[in-house]
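J.: In the working numbering, the protein residues as written are 92 to 571.
One structure follows; several queries about it will come next.
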Ligand code: NDP
């Protein structure tokens, strides 16, 4: 069986203990590779390698750092077929999505920050004719990057690229559920000539390898993307150690649809924002709120389209919904569908595990599910489900739509559908989310701030925000 290895000090190595864990292909429900079950000893090795590498990487001219990162981006593009297939098998997502979204975006992340390194600059403040202040941006040191399973290489690179571009060295841990593309990526780093120790990848369980990264006293900053509960645990460990923290956490995103919208576009995009990647994207709109005058029409047309979605073998070309990442996650999603029914919800389509014949007969598939008739305050409408499940509810006024949208503890993303420009701006200002899309969804410009309000996170990624996170500002004041 294929053996994934850690990447420490430029070498591919097993966990020191020799322990490993089975890595499951969720579309078949069986182990197909082994992943190191690393612990604090492996993290220690990685930190020491990163510390040593920091001495040279942090002062290397930006052009050189940029050149290595650009080579890595080139290699990702060169190997897109292999990486996309690996991502699909590891995560359960469709191969077509991995080819069109995950892997191209991973290359863009690296390239974006490779060029970012060239353009990052200091600020200067002139204090009358008395003094000049200039602000240096110093890489913080060895940083920890922990990423989730839903967009494995995409989110892994989204963290490590700005860290490396800023001159930090990294100890990273992908989710143990989806370690494959980070492993393939480590080979590309070796090929591209990334100096040993600059990036170290320690595989294993969150509570063991992940926790050891968070607790390590020589790791000064932590960039984490994952669930809110894990984020709180990480903050509880890191805050007393006064580590810098960037937390990108869960969401329960509203999709607000007004009667004056372009309905066809709103329906087509809502299909995407509900079910892309099996609904396993933190930005998916899981609560669709529709103005009452078009509620029935929207619901009927939306359900009709959802029923047409093809669920099945993620490696097949015309499949739109693949497998959920794990059996445990599938059961969690099915549990929420049951909860919704107990809360009075009506299943308009889906609602069950999807049985696929052939290769995928034991895979973890769930039918795309639409639920109505739920109170907006019920648990189904308040808690993150993170699967192919969406609720639809009517509203009667702008005020009510905003109140419903803002009723959860989350505040990651929202979409607003209207052709009324004033209303679009008005609602965008009132909805408490870090990201608002008007008449679109998942349209991304990597320069913009990315992150959530309330329990959806702390801090922002993207653009200069990420470069600033991985650097300390040091102001130098010169009296004239
Ligand atoms: P988890 O919080 O379970 O895990 C995220 C990562 O943290 C994994 O690598 C996990 O390892 C690791 N981890 C778990 N426990 C610890 C710990 N005590 N110390 C250090 N690391 C730990 O999230 P999921 O992987 O289940 O991802 C889904 C969640 O991510 C959803 O809530 C989703 O909304 C959120 N997300 C947020 C995004 C955003 O940008 N705001 C983007 C994408 C997802 P392991 O898996 O090995 O246990």
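Virtual Cβ for every residue (Gly too), placed ideally from N, Cα, C.
Remember, it's a predicted structure, so these values are computed and weren't measured experimentally.
Which of the three DSSP states, helix, strand or coil, is assigned to residue 448?
T.: As a working note, residue 448 is residue 357 in the chain shown. Coil.
J.: Counting along the chain, where does the beta strand (DSSP E) carrying residue 486 start and finish?
T.: Within the chain shown, the letter at position 395 stands for residue 486. Element bounds for residue 486: 480-486.
J.: What is the residue span of the alpha helix (DSSP H) that residue 559 lies within?
T.: On the chain shown, residue 559 is found 468 positions in, with the first residue counted as 1. Per DSSP, residue 559 belongs to the alpha helix (DSSP H) from 554-560.
J.: Between which two residues does the beta strand (DSSP E) harbouring residue 334 extend?
T.: Start at 1 with the first residue of the chain shown, and residue 334 comes out as number 243. Looking at the DSSP string, residue 334 is not in any beta strand (DSSP E), and its letter there is neither H nor E.
J.: Pop quiz: residue 486 and residue 382 are said to be a contact at Cβ under 8 Å. What is the actual Cβ separation, rounded to whole angstroms?
T.: Against the chain shown, residue 486 aligns to sequence position 395. Against the chain shown, residue 382 aligns to sequence position 291. The pair is a contact, with the Cβ atoms about 6 Å apart (cut-off 8 Å).
J.: So for residue 214, helix, strand or coil by DSSP?
T.: Position 123 of the chain shown, counting from 1, holds the residue named residue 214. Strand at residue 214.
J.: Shorter than 6 Å, the distance from the beta carbon of residue 296 to the closest heavy atom of ligand 3, or not?
T.: Ligands in the displayed structure: ligand 1; ligand 3 is not one of them.
J.: Going by other Cβ atoms of all chains shown within 10 Å of its Cβ, with 16 needed for buried, is residue 534 buried or exposed?
T.: As a working mapping, residue 534 is identified with position 443 in the chain shown. In summary, residue 534 is exposed, with fewer than 16 beta-carbon neighbours lying within 10 Å of its beta-carbon over all protein chains present.
J.: Please state the DSSP three-state secondary structure of residue 37.
T.: This structure cannot settle anything about residue 37, because the visible part of the chain is limited to 92 through 571.
J.: Output needed for residue 115: all residues of its chain with C-beta closer than 7 Å, excluding positions within five of it in sequence on either side, in chain order.
T.: Residue mapping note: residue 115 aligns to position 24 of the chain shown, counting from 1. Counting only Cβ-Cβ distances below 7 Å, and skipping sequence neighbours, we find 121, 122 and 417.
J.: Buried or exposed, going by whether 16 or more other CB atoms sit within 10 Å of the CB of residue 193?
T.: Position 102 of the chain shown, counted from the start, is the residue given in the question as residue 193. Label assigned to residue 193: buried.
J.: Does the beta-carbon distance from residue 471 to residue 346 come in below 7 Å?
T.: Position 380 of the chain shown, counted from the first residue, corresponds to residue 471. Position 255 of the chain shown, counted from the first residue, corresponds to residue 346. Not a contact, by the Cβ cut-off of 7 Å.
J.: My output table needs one value for residue 247: the three-state DSSP class, helix, strand or coil.
T.: Counted from its first residue, the chain shown places residue 247 at position 156. In the structure shown, residue 247 sits in a helix (DSSP, three-state: H, G or I).
J.: In three-state DSSP terms, what is residue 98?
T.: Reading the chain shown from its first residue, position 7 is the one you call residue 98. Reduced to three states, the DSSP call for residue 98 is strand.
J.: Going by CA-CA distance only, name the one from 317, 358 and 205 that's closest to residue 547.
T.: Translated into the one-based positions of the chain shown, residue 547 becomes position 456. Per the Cα distances, 317.
J.: Using only the alpha-carbon positions, how far apart do residue 307 and residue 284 sit?
T.: For this step, residue 307 is matched to residue 216 along the chain shown. For this step, residue 284 is matched to residue 193 along the chain shown. Distance between the alpha carbons of residue 307 and residue 284: 27 Å.
J.: Considering only DSSP beta bridges, list what residue 130 is partnered with.
T.: Here residue 130 corresponds to residue number 39 of the chain shown, with the count starting at 1. In the DSSP output, where bridge partners are listed per residue, residue 130 has none listed.
J.: Comparing C-alpha positions only, which one of 215, 231, 230 and 204 sits nearest to residue 224?
T.: Residue 224 sits at position 133 when you count from the first residue of the chain shown. Nearest option by C-alpha distance: 215.
J.: Using the C-alpha atoms, what's the distance from residue 508 back to residue 221?
T.: Within the chain shown, numbered from 1, the residue matching residue 221 stands at position 130. Within the chain shown, numbered from 1, the residue matching residue 508 stands at position 417. So the two alpha carbons sit approximately 53 Å from each other.
J.: Do the CB positions of residue 460 and residue 442 come within less than 7 Å of each other?
T.: Numbered from 1 along the chain shown, position 369 holds the residue referred to as residue 460. Numbered from 1 along the chain shown, position 351 holds the residue referred to as residue 442. Against a cut-off of 7 Å, the Cβ pair of residue 442 and residue 460 comes out as a contact.
J.: Candidates 301, 219 and 519: which alpha carbon is nearest residue 494's?
T.: To locate residue 494, count along the chain shown from 1; it is residue 403. Comparing Cα positions, the closest option is 519.
J.: Suppose you measure from the CA of residue 72 to the CA of residue 201; what does that come to, to the nearest Å?
T.: Past the boundaries of the shown model lies residue 72; the chain is included only from 92 to 571, so the question cannot be answered.
J.: Which residue or residues does DSSP assign as beta-bridge partners of residue 222?
T.: Start at 1 with the first residue of the chain shown, and residue 222 comes out as number 131. Bridge partners of residue 222: 218 and 570.
J.: Would you mind reading off the limits of the beta strand (DSSP E) that contains residue 312?
T.: As a working note, residue 312 is residue 221 in the chain shown. In the DSSP annotation of this structure, the continuous segment of the beta strand (DSSP E) that includes residue 312 starts and ends at 312-316.
J.: Mark residue 428 as exposed unless 16 or more other C-beta atoms lie within 10 angstroms of its C-beta, in which case mark it buried.
T.: Translated into positions along the chain shown, residue 428 becomes position 337. So residue 428 ends up on the buried side.
J.: Cβ of residue 277 within 6 Å of any heavy atom in ligand 1?
T.: In the chain shown, residue 277 corresponds to position 186, counting from 1. No, the Cβ of residue 277 stays beyond 6 Å of every heavy atom of ligand 1.
J.: For residue 212, tell me which candidate among 280, 570, 102 and 564 has the shortest Cα-Cα distance.
T.: Numbered from 1 along the chain shown, position 121 holds the residue referred to as residue 212. It is 564.
J.: Considering only residues of the same chain and omitting the five flanking positions on each side of residue 557, which have a CB-CB separation below 7 Å?
T.: What you label residue 557 is simply residue 466 of the chain shown in a count that begins at 1. Excluding positions up to five away in sequence, the list reads 253.
J.: Does the region 162-169 touch the region 400-414, meaning 3 or more C-beta pairs lie closer than 8 Å?
T.: no
J.: My parser needs the beta strand (DSSP E) runs of 3 or more residues fully inside the region 417-468; what are they?
T.: 437-440 and 460-463
J.: Using a Cβ distance threshold of 8 Å, determine whether the region 327-338 contacts the region 358-372, with at least three qualifying pairs required.
T.: With a cut-off of 8 Å, the region 358-372 and the region 327-338 do not count as touching, because too few Cβ pairs lie within range.
J.: Who are residue 206's beta bridge partners in DSSP?
T.: For this step, residue 206 is matched to residue 115 along the chain shown. DSSP, once it has assigned bridges, lists no residue as partnering residue 206.
J.: Is residue 383 helix, strand or coil when you go by DSSP?
T.: Residue 383 sits at position 292 when you count from the first residue of the chain shown. DSSP places residue 383 in helix when its eight states are reduced to three.
J.: Take residue 311 and list the residues in its own chain whose beta-carbon comes closer than 7 Å to its own, dropping the five residues that flank it on each side.
T.: Locating residue 311 in the chain shown gives position 220, where the first residue counts as 1. Answer for residue 311: 231, 232, 233, 234, 334 and 335, listed in chain order.
J.: CA-CA distance, residue 299 and residue 269?
T.: For this step, residue 299 is matched to residue 208 along the chain shown. For this step, residue 269 is matched to residue 178 along the chain shown. Cα-Cα distance, rounded: 16 Å.
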